[in-house]
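See structure below.
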Amino acid sequence: MIIMIAAVAENNALGKNNELVWHLPNDFKRFKNLTSGHHIIMGRKTFESFPKPLPNRTHIVISRQENYKPEGCIVANSIEEAIKICPENEISYIIGGGEIYELGMIHSDKIELTLVHHSFEADAFFPEINMDDWKIIHSEFQAKDEKHLFDYTYQTYIRK
Numbered sequence: 191m192i193i194m195i196a197a198v199a200e201n202n203a204l205g206k207n208n209e210l211v212w213h214l215p216n217d218f219k220r221f222k223n224l225t226s227g228h229h230i231i232m233g234r235k236t237f238e239s240f241p242k243p244l245p246n247r248t249h250i251v252i253s254r255q256e257n258y259k260p261e262g263c264i265v266a267n268s269i270e271e272a273i274k275i276c277p278e279n280e281i282s283y284i285i286g287g288g289e290i291y292e293l294g295m296i297h298s299d300k301i302e303l304t305l306v307h308h309s310f311e312a313d314a315f316f317p318e319i320n321m322d323d324w325k326i327i328h329s330e331f332q333a334k335d336e337k338h339l340f341d342y343t344y345q346t347y348i349r350k
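One rule links them: number in the working numbering = place in the sequence shown (from 1) + 190.
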């Protein structure tokens, strides 16, 4: 099963200058809990935005650069190649960025989305979710608090 996981703003913003534009500690914990122990697929820029590889996950980095070989990672040249590397009967996650989400949409079975209830200036965006293809099966609102400056909602979509 291929699952896309993302935190997006109401205007589908993902980030700016290869960084998130919000800080939601509970969403980081949710991301860690869901993706730990699994293969994670990402673009090169997303991988390079991490200070180091994320622990307890197999990193598959999509890059067009021929000699790109980050330590401890598997490099693929396309989303299709990246998905073929993942174990067939296990959950694998597509974790970004915008271009990889766009390419991964047709390959995904499920979307785990954190909708941040705000709009942000950004240079990377999540693709529109076509509700003819997807349905929401879970939605859980989280109110802002002293550690979270914005309200947000966890949403789970499955392909129809």
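Every residue gets a Cβ at the ideal spot worked out from N, C-alpha and C, and that includes glycine.
Asked, Found
"Going by the beta-carbon positions, is the gap between Tyr347 and Ile301 smaller than 9 Å?", "yes"
"Please look up how many angstroms separate the CB atoms of Ala199 and Ser309, rounded, as I've assumed it's under 8 Å.", "6 Å"
"With the cut-off set at 9 Å, would you say Ala196 and Ala312 are in Cβ contact?", "no"
"Could you give the residue range of the beta strand (DSSP E) that holds Ala199?", "192–199"
"Go through its chain and collect everything with a Cβ distance to Pro262's Cβ below 8 Å, but skip five positions before and after it.", "The sequence given here has Gly at residue 262, not Pro. So the list reads Pro243, His249, once near-sequence residues are dropped."
"Short check: CB of Ile281 to CB of Met232, under 9 Å?", "no"
"Determine the direct distance from the alpha carbon of Tyr291 to that of Phe316, and round the result to whole angstroms.", "7 Å"
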